[in-house]
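Going from the sequence shown to our numbering is simple: count from 1 and add 102.
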Amino acid sequence: MPFKDECGVFAIFGHPEAANLTYLGLYALQHRGQESAGIASADGEKLRISRAMGQVAEAFNENTLQTLPGHIAVGHTRYSTAGESKIENAQPFLIDCAHGQIAVAHNGNLVNAQELRDELVRNGSIFQTSSDTEVILHLYARSRAASVEEAITESIAQVRGAYSLALLTKNRLIAARDPHGFRPLALGRLGDAWIVCSETCALDLIGAQYVRDIEPGELLVISDGGIRSIKPFPPQPLSHCVFEHVYFSRPDSYVFGRSVNEVRTELGRILAREAPAGADVVVPIPDSGVCAAIGYAEEAGLPMKMGLIRNHYIGRTFIQPQQSIRHFNVRVKLNPVRSILEGKRVILLDDSLVRGTTSRKIVKMVKAAGAREVHLRISCPPTISPCFYGVDTPIRSELIAATHTTDEIRKYVEADSLAYLSLEGLRQAVGSQQSSYCTSCYTGVNPVSFPRNEHAYLQLALKNVD
Ligand code: SF4
Numbered sequence: 103m104p105f106k107d108e109c110g111v112f113a114i115f116g117h118p119e120a121a122n123l124t125y126l127g128l129y130a131l132q133h134r135g136q137e138s139a140g141i142a143s144a145d146g147e148k149l150r151i152s153r154a155m156g157q158v159a160e161a162f163n164e165n166t167l168q169t170l171p172g173h174i175a176v177g178h179t180r181y182s183t184a185g186e187s188k189i190e191n192a193q194p195f196l197i198d199c200a201h202g203q204i205a206v207a208h209n210g211n212l213v214n215a216q217e218l219r220d221e222l223v224r225n226g227s228i229f230q231t232s233s234d235t236e237v238i239l240h241l242y243a244r245s246r247a248a249s250v251e252e253a254i255t256e257s258i259a260q261v262r263g264a265y266s267l268a269l270l271t272k273n274r275l276i277a278a279r280d281p282h283g284f285r286p287l288a289l290g291r292l293g294d295a296w297i298v299c300s301e302t303c304a305l306d307l308i309g310a311q312y313v314r315d316i317e318p319g320e321l322l323v324i325s326d327g328g329i330r331s332i333k334p335f336p337p338q339p340l341s342h343c344v345f346e347h348v349y350f351s352r353p354d355s356y357v358f359g360r361s362v363n364e365v366r367t368e369l370g371r372i373l374a375r376e377a378p379a380g381a382d383v384v385v386p387i388p389d390s391g392v393c394a395a396i397g398y399a400e401e402a403g404l405p406m407k408m409g410l411i412r413n414h415y416i417g418r419t420f421i422q423p424q425q426s427i428r429h430f431n432v433r434v435k436l437n438p439v440r441s442i443l444e445g446k447r448v449i450l451l452d453d454s455l456v457r458g459t460t461s462r463k464i465v466k467m468v469k470a471a472g473a474r475e476v477h478l479r480i481s482c483p484p485t486i487s488p489c490f491y492g493v494d495t496p497i498r499s500e501l502i503a504a505t506h507t508t509d510e511i512r513k514y515v516e517a518d519s520l521a522y523l524s525l526e527g528l529r530q531a532v533g534s535q536q537s538s539y540c541t542s543c544y545t546g547v548n549p550v551s552f553p554r555n556e557h558a559y560l561q562l563a564l565k566n567v568d
């Protein structure tokens, strides 16, 4: 799966061990970003912060957590969809301005960040990072609004695109979600404490109850005075990211009001009806293809077996051998189980096919392990367009489905057959009215337009991935 995750946000108000629980919450959200992790805490007087490159386990230890006292905390785990991978861009960001100290953790991509940044720089702002999130802080710092809430409202009223935000002041936690609701953001409760997090699996880890989602366009202010919901913006058409269900979110989470596991299994069931194949066994590409493979196998009346085993213990970098080991990058992650594959007609199930290079290697690997036929099934439609709302996709020219027919792709990956889930099937699985989900990476129709020419914007803001 060449998509990288985006970011995870976790925040808590009203708990004496706020930083420790945030640390645990970030563990549950680690799949959303592994480049850097950070926590800011507040004790009613002052904000403190600790950020580091790497995963949560590398970024924090008991000593660093002890430097984060207080009953409020916000944490972030990052994969950079916009801005470089360096410590300056690690979140949360913390600034001190006329409104006092504030820390912010952001999941999503703003589509007009560069335009706003240019304008702010022309007016004298000096940026410390290349992250679009910093734009929100500059707008906040420049606001002449009388209260913190008004200043936040004023600043986010100027940004467009995807944002699920957790903001921390010395005595308040403020959560905000863009009016389209691109990225998830859940509200939870642990005793008297309130929690805001990207996915409900983080609530489960700390034993908290899921209360509801932060609504699109809602600003939730949590303070000693209680919880207050503000809806300062006119409603917009909803654009929940359907890819959260296809791939990003953990199957044990509830996202946009639906169980990810249920949706993902349903993707497989519908795919089995739309694209059957004469086969002996269904094999998922682990881990993300597993739920859809279960659904496919159930519907097709076939056994589902783990014919590929993933190595979970690969660090972020490993020393590459010389060319002598073919397809090393795939081999180090996946290994075929010959006893399952040998002599079999295999339905290989993956959750997406982006460039085709990895799928090609896996099909070859499965065939080399003795599979008689390999029928590749993809539990989403062909990816034909990059994402501008916080998911790191390759540029359009690198998306194989943008320039090739399904049969050309089948030949390239050397599968005996290839089929994708239809867009209709995807919508049916998420149980959506056509309008409530963003499906732009499958249709090229952008729910929120951006002010720059796409190529320039992509070059500027998005990174290429392996
Ligand atoms: S373009 Fe695709 S990945 Fe991006 S927000 Fe829309 S559905 Fe999600």
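The C-beta atom is built at its ideal place from N, Cα and C for all residues, glycine as well.
Only a predicted model underlies this, so the values are computations on that prediction, with no experimental measurement involved.
Among the candidates the options, whose CA atom is the shortest distance from the CA of residue i?
i, options, result
"Glu346", "Thr271, Pro339, Ser355 and Leu340", "Ser355"
"Leu478", "Thr459, Asp494 and Tyr522", "Tyr522"
"Ser233", "Asn214, Trp296 and Ala130", "Asn214"
"Cys543", "Ala504, Gln136 and Val515", "Ala504"
"Asp569", "Arg474, Glu221, Ile258 and Leu292", "Outside the displayed span of the chain (103 to 568) sits residue 569, for which this structure offers no information."
"Thr166", "Tyr181, Arg180, Ala139 and Glu190", "Ala139"
"Tyr129", "Leu305, Ala470 and Asp326", "Leu305"
"Gly458", "Lys469, Glu500, Arg440 and Ser441", "Glu500"
"Leu131", "Gly445, Leu369, Ser351 and Gly391", "Ser351"
"Ala259", "Leu321, Asp220, Gln216 and Phe284", "Leu321"
"Gln168", "Thr495, Leu126 and Asn122", "Asn122"
"Val344", "Val547, Ile396, Asp509 and Tyr539", "Tyr539"
"Ala247", "Ala200, Ala374 and Ser534", "Ala200"
"Ser454", "Pro336, Ile396 and Val348", "Val348"
"Val357", "Arg244, Val313 and Pro438", "Val313"
Measure the C-alpha to C-alpha separation of residue i and residue j and round it to an integer number of angstroms.
i, j, result
"Gly290", "Asp315", "9 angstroms"
"Val365", "Cys303", "16 angstroms"
"Leu525", "Ser227", "44 angstroms"
"Tyr491", "Val434", "31 angstroms"
"Met635", "His414", "Any question about residue 635 goes unanswered here, given that the chain covers just 103 to 568."
"Phe112", "Asp389", "24 angstroms"
"Lys106", "Ile276", "Residue placement at Lys106 cannot be trusted, given a pLDDT of 47 that sits under 50; the coordinates are not used to answer."
"His173", "Ser266", "22 angstroms"
"Ile114", "Ser300", "12 angstroms"
"Gly202", "Ala159", "31 angstroms"
"Ala175", "Glu137", "20 angstroms"
"Cys489", "Ala161", "29 angstroms"
"Gln157", "Gly380", "43 angstroms"
"Gly116", "Leu196", "20 angstroms"
"Val384", "Pro405", "6 angstroms"
"Leu212", "Gly391", "30 angstroms"
"Leu528", "Cys482", "6 angstroms"
"Val448", "Ile486", "26 angstroms"
"Ala531", "Gly359", "13 angstroms"
"Thr255", "Ala243", "12 angstroms"
Hey, residue i and residue j: beta-carbon distance below 9 angstroms or not?
i, j, result
"Ile387", "Leu451", "yes"
"His178", "Ile204", "no"
"Ile332", "Glu400", "no"
"Leu287", "Asn209", "yes"
"Gly263", "Val493", "no"
"Arg219", "Val237", "yes"
"Lys272", "Leu436", "no"
"Leu410", "Val439", "yes"
Going by the C-beta, is residue i closer than 8 angstroms to any heavy atom of ligand 1?
i, result
"Phe490", "yes"
"Ala531", "no"
"Val344", "yes"
"Tyr265", "no"
"Tyr544", "yes"
"Thr495", "yes"
"Phe358", "no"
"Tyr181", "no"
"Cys109", "no"
"Ser341", "yes"
"Phe284", "yes"
"Tyr522", "no"
"Cys540", "yes"
"Ser487", "yes"
"Pro484", "no"
"Pro549", "yes"
In the DSSP output, which residue or residues are listed as bridge partners for residue i?
i, result
"Gly290", "Ile297 and Tyr312"
"His347", "According to DSSP, His347 bridges with nothing at all."
"Ala175", "Ile114 and Ser143"
"Gly359", "BP columns for Gly359 are empty, so no partner."
"Ile480", "Asp452 and Tyr522"
"Asn209", "Ser266"
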